[in-house]
Every structure is written in C-alpha cells, then in structure tokens.
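Counted the way my numbering counts, the sequence shown spans residues 399 to 608. Ideal Cβ positions, reconstructed from N, Cα and C, are used throughout, including at glycine. Here is the structure we will look at, set down as structure tokens.
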Amino acid sequence: MKKGLIVAFLSVLVLSLSLTVSADEYQTYQEIVFVEEDERLLQDVSTEDFAAALASLGGKKMFGWKLAVLTKKQEVEFLSETKLKIFNNGYSTIKHDITLSTKVETKFQISSTGSLGTTISGDIKKFKGSIDGTIKTEIGYTRTETASELYEFKIIVDPGTYVTIVMKGRGIVSNGVARNYFCWIKIIEGGWETFTVTTEYYEIVKERIR
C-alpha cells in the first residue's frame, strides 16, 4: 500500500470522491512516446517495413517458429487516461480531498497481428501457437504482479482555474514478426508485441479557464 499527500490548486463542487481503476490495455492509452525517437509500436510499422521484416525470416523450415525482432526492450513514457477534470468558475477558493486507487492484476500486456493471434489461459493472455517461450528467449521478458495502491490528494482550488488528473507511467516495449511451420508448410504468420508497465503514477496539471 502506497500513500502520498499532494497539494495542488483545483476546483470541484464535491467535498470528496473515490475512484477505483484497473489496468487498461495499452492500445487504448491516450499517448505512448518512445524515449528513442526511431522506435515504433507494431501498429505504426509501415506495410513495407513489415514485409521486409517477414522477408528477413528467410526460407522455410520443417517444424517450429522463425522469429525476427524489430524493437527490443525499448523504454516508453505513456499517458494512459484522464481520470478527472475539475473546474472552478466561482469567486472563492475551494478545498477538496480526493482518493484514487489502482489495482493492477498484471503489468504485462501483449498484442498480435495476422494469423498469430492471442489466447487467454485462466487469467493470463498468451500468444497462440506456443511462441511465448521463443519470444521470452529472444527478449527476456518477465510477467510481474503488483499490489493495489492508494493515492490521497489534498486539493486547493483557485477561482478561474481548472485541473486535470491523469494517469501516467513508463514501460518497456518489444515487438517483431514470426512465422510457424509444420512439415515445411507455413501455418501461422504475423506480428507480435509485448508491453510491460514498470511505473504508474497520477499527475495533476493546473490551467487557467479561458
């Protein structure tokens, strides 16, 4: 359990509120920015670059997977969602207590394209075709669990201002392409991507009402 006390300038017409949030799929995040400019998410890879990556896999094999990595363990910063916007259109300063809690069952997420696909086994999402072990060997990812966290904000709202509370964080992204063969026949082909959240936090941004 983590507690933090944050003083800021906001506005809302309730004395306190409580919100519970759960981990969102990273593909719905409002913004994801790589620390290294040349890196890309799988969804942003051009058709030409994707085809070139598949071509780099080379010729057929009798059984099993062939895999190529496009992005390997690159750090990103993200804005996952806007939790609350608070306006003060009045003439008096208002104080508020706000509690936000997070409960993330797992901070490891995956996605795929083409016929690669994903499947859910119990509470765990995996790639189809037993490629998880091959990817793990190539990029060395680990699945991490996290406990719930509680954030307490003590807020002072100035007249004529509004504040936005957003959820931000940092993570690690890896992606690439893969192809699976059975008796020299290609049976699965597509792109894969892993996204591991390493840090999450709330941020309060104050702006003047225009």
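Between LYS566 and TYR599 the beta-carbon gap is near 6 Å, inside 8 Å, which marks them as a contact. For LEU465 against GLY588, the beta-carbon gap comes to about 11 Å, at or over 8 Å, which does not count as contact.
Remark: C-beta atoms of ALA453 and LEU468 do not approach each other more closely than 8 Å. For ASP495, the closest C-alpha among the options THR596, GLU550, THR511 and TYR424 is that of GLU550. Judged by beta-carbon spacing, THR562 lies beyond the 8 Å limit of LYS493, meaning their Cβ atoms are not closer than that value.
Note on ASN486: 16 or more other CB atoms within 10 angstroms of its CB, so buried under the neighbour-count rule.
Across the structure, LYS458 and TRP582 are spaced so that their CA atoms are roughly 6 Å apart.
Here MET565 is bridged, per DSSP, to GLU479 and TYR600.
Taking C-alpha positions only, ASP530 is separated from PHE476 by approximately 25 Å. Taking the Cα positions, VAL571 is about 7 Å away from LYS470. Assigned with DSSP and collapsed to three states, THR516 falls in strand. Taking C-alpha positions only, GLY488 is separated from TYR560 by approximately 11 Å.
For PHE506, the beta-bridge partners assigned by DSSP are THR594. In the DSSP assignment, GLU550 falls within the beta strand (DSSP E) that extends over 547-555.
Nearest C-alpha to TYR427 among ALA449, TYR579 and VAL564: VAL564.
For the pair ILE586 and LEU514, the CB atoms are nearer than the 8 Å cut-off.
Setting aside the 5 residues that flank it on each side, THR511 is surrounded in the same chain by GLY588 and GLY589, each with a C-beta closer than 6 Å to its C-beta; the list follows chain order. Taking C-beta atoms under 8 Å as the contact rule, GLN507 and PHE593 qualify, at a distance of about 5 Å.
The three-state secondary structure of LEU452, taken from DSSP, is helix.
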